[in-house]
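Protein sequences, first through last, are from chains F and Y.
Heads up: the first sequence at position 90 corresponds to 89 in numbering that gives the first Met the number 0, and the numbers run straight through without jumps.
Heads up: the second sequence at position 130 corresponds to 129 in numbering that gives the first Met the number 0, and the numbers run straight through without jumps.
The beta carbon of each residue, even a glycine, is placed where N, CA and C say it ideally should be.
To start, the structure itself, in structure tokens.
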Amino acid sequence: MVEWTDSERTIINGIFANLNYEDIGPKALCRCLIVYPWTQRYFGAFGNLYNADAIMANPLIAAHGTKILHGMDRALKNMDDIKNTYATLSELHSEKLHVDPDNFRLLADCLSIVIAAEMGYEFTPDMQAAWQKFLSVVVSALGRQYH
Amino acid sequence: MLSKKEKELIANVWERLTPVADDIGADALLRMFTTFPGSKSYFSHLDLRPRSPHLKTRGKRIVLAIAEGAKDIDHLAVALAPLQTLHAYRLRIDPSNFKHFSHCMLVTLACYLGDRFTPVMHAAMDKFLSAFAAVLAEKFR
């Protein structure tokens, strides 16, 4: 079981409380698709992904980015049992969507960078460490049901 | 791998970062030590607390080396030859730490540049830092 300090809980809750999901979610997903273009393989049905501008203007991608970020709300509300909270979601990504779990880490890294760009130096090293710990638990839980 | 436009963009960004090399370098190092505590094992002889002069000196050195590499990306191995030897035979840093540092450098750049750290700039920078790390590790085995 993951141990969270009070400080880490406060930091992670604080970041989510101030998050504009409709802005940060799309930005993070777009960034992932642009910086790591092979991740586009999972978005064949999403329309025009021809270049960075097309990706950033794509409403289906934007909607999906928002959806992904809202999906993390469940992890936030169940921080002491993210593993089981995400069991079904992990199965979905493995059995139905066939997403390589290494890709979860790429999206997580892009999300951290979008939040850093948004918060500037308010995103302190301690905040980054807590935030990335949370994301690594999420990523690990999502990869757990793969076999 | 890197287009002509990307190389120009990278060279330009690092030239602009040179005057604040110590701040940028120290910030990236501190982020790496906080998020990936195992990386501290290579610096047990230094004071790694925030605002420590050691962080600034080491950080500045690293950023200036990256900036130097950015001036001539096609010949990274030439610029990095002495550092390759240092890292392979003396420091013997596990190369996974280069990835950790690159990520933290990207976070620092995002904090410093905000919206100016566009996805296109991020992609170019990530490719450059990966190439830099790969060349740095060339003599490891």
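- Using a Cβ-Cβ cut-off of 8 Å, A115 (chain F) counts as an interface residue toward chain Y, since at least one Cβ of chain Y sits closer than that to its own.
- In this structure, the straight-line span from the alpha carbon of G142 (chain F) to that of P100 (chain F) is close to 5 Å.
- Boundaries of the alpha helix (DSSP H) harbouring A116 (chain F): D101 to M118, taken from the DSSP string.
- Cβ neighbours of W3 (chain F) within its own chain (closer than 7 Å, five residues either side excluded): M78.
- Under a 10 Å Cβ-count criterion, G46 (chain F) is classified as exposed, with fewer than 16 other Cβ atoms of the shown protein chains found around its own Cβ.
- In terms of beta-carbon proximity, D99 (chain F) stays away from the interface with chain Y, with every pair separated by 8 Å or more.
- One thing to note: I54 (chain F) has its Cβ within 8 Å of the Cβ of L32 (chain F).
- Closer than 8 Å to the CB of D114 (chain Y) there is at least one CB belonging to chain F.
- Across the set F:V113, F:Q127 and F:G24, the C-alpha of F:G24 shows the shortest separation from the C-alpha of D72 (chain F).
- A distance below 6 Å between beta-carbons, with the five flanking residues on each side excluded, links F116 (chain Y) to the following residues of its chain, in chain order: L108 and A109.
- DSSP, read as helix, strand or coil, puts I14 (chain F) in helix.
- Under the three-state reduction of DSSP output, I23 (chain F) falls in the helix class.
- Around the Cβ of V77 (chain Y), a 10 Å sphere holds fewer than 16 other Cβ atoms; the residue is exposed.
- Shown here, M71 (chain F) sits in coil according to DSSP, grouped into three states, outside any helix or strand.
- Shown here, R140 (chain Y) sits in coil according to DSSP, grouped into three states, outside any helix or strand.
- For the pair D73 (chain Y) and W13 (chain Y), the Cα-to-Cα distance works out to about 16 Å.
- Spatial neighbours of A123 (chain Y) in its own chain (CB-CB distance under 6 Å, excluding positions within 5 residues in sequence) are listed in chain order as E5, L8 and I9.
- Here the alpha carbons of Y111 (chain Y) and E90 (chain F) stand approximately 39 Å from one another.
- For I67 (chain F), the closest Cβ of chain Y is not nearer than 8 Å.
- With fewer than 16 other Cβ atoms inside 10 Å of its own Cβ, A16 (chain F) counts as exposed.
- When 7 Å is used as the limit between beta carbons, R30 (chain Y) is near these residues of chain F: P124 and Q127, in chain order.
- Cβ proximity to chain F below 9 Å picks out H102, C103, L105, V106, T107, L108, A109, C110, Y111, L112, G113, D114, R115, F116, T117, P118, V119, H121 and A122 from the region 96 to 122 of chain Y.
- Per the coordinates, the alpha-carbon of K3 (chain Y) lies some 35 Å from the alpha-carbon of S135 (chain F).
- Cβ-Cβ distances below 6 Å link S43 (chain Y) to nothing in the same chain once the five nearest sequence neighbours on each side are left out.
- Excluding sequence positions up to five before and after M104 (chain Y), its CB lies within less than 7 Å of the CB of A27 and L128, all in the same chain and listed in chain order.
- Of the other Cβ atoms in all chains shown, fewer than 16 fall within 10 Å of the Cβ of P18 (chain Y); this residue is therefore exposed.
- When DSSP states are grouped into helix, strand and coil, T4 (chain F) belongs to the coil group.
- Interface with chain Y (8 Å Cβ-Cβ cutoff): I112 (chain F) is included.
- Below 8 Å, enough C-beta pairs join the region 28 to 39 of chain Y and the region 120 to 131 of chain F to call them touching: three or more.
- Taking a Cβ-Cβ threshold of 8 Å, none of the residues of chain F is close to T56 (chain Y); the smallest such distance is about 18 Å.
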